[in-house]
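Asker: I am attaching a structure below and will ask some questions about it afterwards.
Protein chains: 2
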Amino acid sequence: MRLQQSALKTPTRIPSDPLQRAWVALGRVSQSVQCRVEEALKHAGLPELSWYTVLWELERAGKPLRPKDLAIPLFIPPYQLSRLVDRMEAEGLVKRIQCKEDKRGHMLAPTAKGFTLRKEMWAVYAPAMEDAMKRIDDAEALKLAELLNKLGGIEHVNCGDKG
Amino acid sequence: MRLQQSALKTPTRIPSDPLQRAWVALGRVSQSVQCRVEEALKHAGLPELSWYTVLWELERAGKPLRPKDLAIPLFIPPYQLSRLVDRMEAEGLVKRIQCKEDKRGHMLAPTAKGFTLRKEMWAVYAPAMEDAMKRIDDAEALKLAELLNKLGGIEHVNCGDKG
DNA sequence: GAGGTTTGGTTGCGTTTGCAACAATCCGCG
DNA sequence: CGCGGATTGTTGCAAACGCAACCAAACCTC
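Protein chains in written order, with the numbering used here: chain V, 1283 to 1445; chain B, 1283 to 1445.
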């Protein structure tokens, strides 16, 4: 009796070539593009993107947020946020506010200085982003976003003023 | 005389909404997908992806490589590669070979153990990649890869056996 | 309302990163 | 040849990360 081919030669399931291509491109391109923007910020003497994102999320929410409500959308583990906030608080960019309803935690709110810094960063971030992405046009960007969101199952958020 | 509008109201150039969407999606999705694969490797008690990539590039090249020839395609700074190789060498996965032509540097080659490990990793990596990417089909993956490559201007490489 | 579990958040500690300085070699040019 | 500059790769040190342990308050159950 013949052995079934499928049962024999599948020691590991191998992603199709298109999937592999997409995977590789995703890793490389996102890294490359991200780096370019980080570089622009650093070159301007500004903090890294994660600081921006914290400030932006707080500003966008329009009200103080619990750390956990930031950690989820930022996709970073709580201990990382905790220390990020330590640093930002030390620079006077955000403040931890005693939380009445739940005495374990606290609320995070941007300070005036934090607000200002976010704007300064956006002034560098926005053009850098545009520059890093200039090789595709709007229609392509839309299609790209659509495919990525399908891949990741994540909904839309924007990232700065007048978006 | 009237001032030109364009000269007046462009304190910062703002990326179009499609561009912003693509940017955000790129960051979030790549991180999410990457994490899932790293997690699978860690869960299997295997080293992180960068180790795989070093081993794979060496194996793919089919001959010993100079560190700089690895650092470029891996898109990591030389000092990072230097330490990565330190660790991998300490585990007996690669070896540094004295280089005749250029006594500053050396060649990197995988050991038998390194070769074996790469295969073990691929057995976990491949299904994890497939799983992380399963929400899009081949046609979409191809389109995605195409758009990403246009965005980043990077050519195709695959990432494992029988690709 | 006492005791166990879950949740929210921080921290100690070892590892990894990033930068800038460094060493060693190679290359080009007078 | 001999010297100045470029290339290749490493390293000391400070900052950041990742894990697991931890604390404290909240919640849940009896």
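Just so it is clear, CB atoms sit at the ideal spot from N, CA and C, and this is done for glycine as well.
1. Can you pull the chain B neighbours of residue 1412(V), defined as C-beta to C-beta under 7 Å?
2. To which residues of the same chain is residue 1339(B) closer than 8 Å at the C-beta, ignoring the five residues directly before and after it?
3. Are the C-beta of residue 1418(V) and some C-beta of chain B separated by less than 8 Å?
4. If you drop the 5 nearest sequence neighbours on each side, which residues of the same chain put their C-beta closer than 6 Å to that of residue 1423(V)?
5. Measuring alpha carbon to alpha carbon, tell me which residue in 1432(V), 1414(V), 1385(V) and 1329(V) is nearest residue 1305(B).
6. Could you give the residue range of the beta strand (DSSP E) that holds residue 1350(B)?
7. Name the chain V residues that come within less than 9 Å of residue 1403(B), Cβ to Cβ?
8. With a threshold of 16 other CB atoms inside 10 Å of the CB of residue 1364(B), please say whether the residue is buried or exposed.
9. What separation, rounded to the nearest whole angstrom, lies between the Cα atoms of residue 1412(B) and residue 1420(B)?
10. Return yes when the Cβ of residue 1387(V) is within less than 8 Å of the Cβ of residue 1315(B), no when it is not.
11. Based on Cα-Cα distance, which residue from 1376(V), 1313(V) and 1320(V) lies nearest to residue 1391(V)?
12. Take residue 1373(B) as the anchor and find which of 1317(B), 1342(B) and 1333(B) has the nearest alpha-carbon.
13. How many Å lie between residue 1297(B) and residue 1408(V) at the Cα?
14. Check whether the Cβ of residue 1327(V) lies closer than 8 Å to any Cβ atom in chain B.
15. Starting from residue 1377(V), follow its DSSP beta bridges and name the residues at the other end.
16. Taking residue 1425(V) as the query, report the chain B residues whose CB atoms sit under 7 Å from its CB, ordered along the chain.
17. In the DSSP assignment, the alpha helix (DSSP H) including residue 1369(V) goes from what residue to what residue?
18. So that I know if they touch, is there some Cβ in chain B lying closer than 8 Å to that of residue 1343(V)?
19. Within the same chain, show all residues whose beta-carbon is closer than 8 Å to that of residue 1361(V), passing over the 5 residues directly before and after it, in chain order.
20. Quick check on DSSP: helix, strand or coil for residue 1346(B)?
21. My understanding is that residue 1307(V) touches residue 1427(B), with C-beta atoms under 8 Å, so please give their C-beta distance in whole angstroms.
22. The alpha helix (DSSP H) with residue 1330(V) in it runs from where to where?
23. Starting from the beta carbon of residue 1272(V), find every residue of chain B whose beta carbon is closer than 7 Å, and list them in chain order.
24. Would you verify that the beta carbon of residue 1322(V) is, or is not, closer than 8 Å to some beta carbon of chain B?
25. If we call anything under 8 Å between Cβ atoms a contact, is residue 1410(V) one with residue 1311(V)?
26. Whole angstroms are fine: how far does the CA of residue 1402(V) sit from the CA of residue 1343(V)?
Answerer: Result, derived from the coordinates:
1. Around residue 1412(V), the beta-carbon contacts reaching into chain B at under 7 Å are 1295, 1297 and 1301.
2. 1347, 1352, 1355 and 1356
3. So, interface residue.
4. none
5. 1414(V)
6. Where residue 1350(B) is concerned, there is no enclosing beta strand (DSSP E), although the alpha helix (DSSP H) it sits in stretches over 1349 to 1356.
7. For residue 1403(B), no chain V residue has a Cβ inside 9 Å of its Cβ, as the nearest lies near 11 Å away.
8. exposed
9. Cα atoms of residue 1412(B) and residue 1420(B): separation of roughly 11 Å, rounded to the nearest angstrom.
10. no
11. 1376(V)
12. By alpha-carbon distance to residue 1373(B), the top candidate from 1317(B), 1342(B) and 1333(B) is 1333(B).
13. 6 Å
14. no
15. When DSSP reads this structure, residue 1377(V) sits in a beta bridge with 1391(V).
16. The contacting residues are 1429.
17. 1360 to 1372
18. no
19. none
20. coil
21. 5 Å between Cβ atoms; contact.
22. Taken as a continuous stretch (DSSP letters only), residue 1330(V) belongs to no alpha helix (DSSP H), as it is neither H nor E.
23. Residue 1272(V) lies beyond the stretch modelled for chain V, which goes from 1283 to 1445, so this question has no answer here.
24. no
25. no
26. C-alpha separation (whole angstroms): 19 Å.
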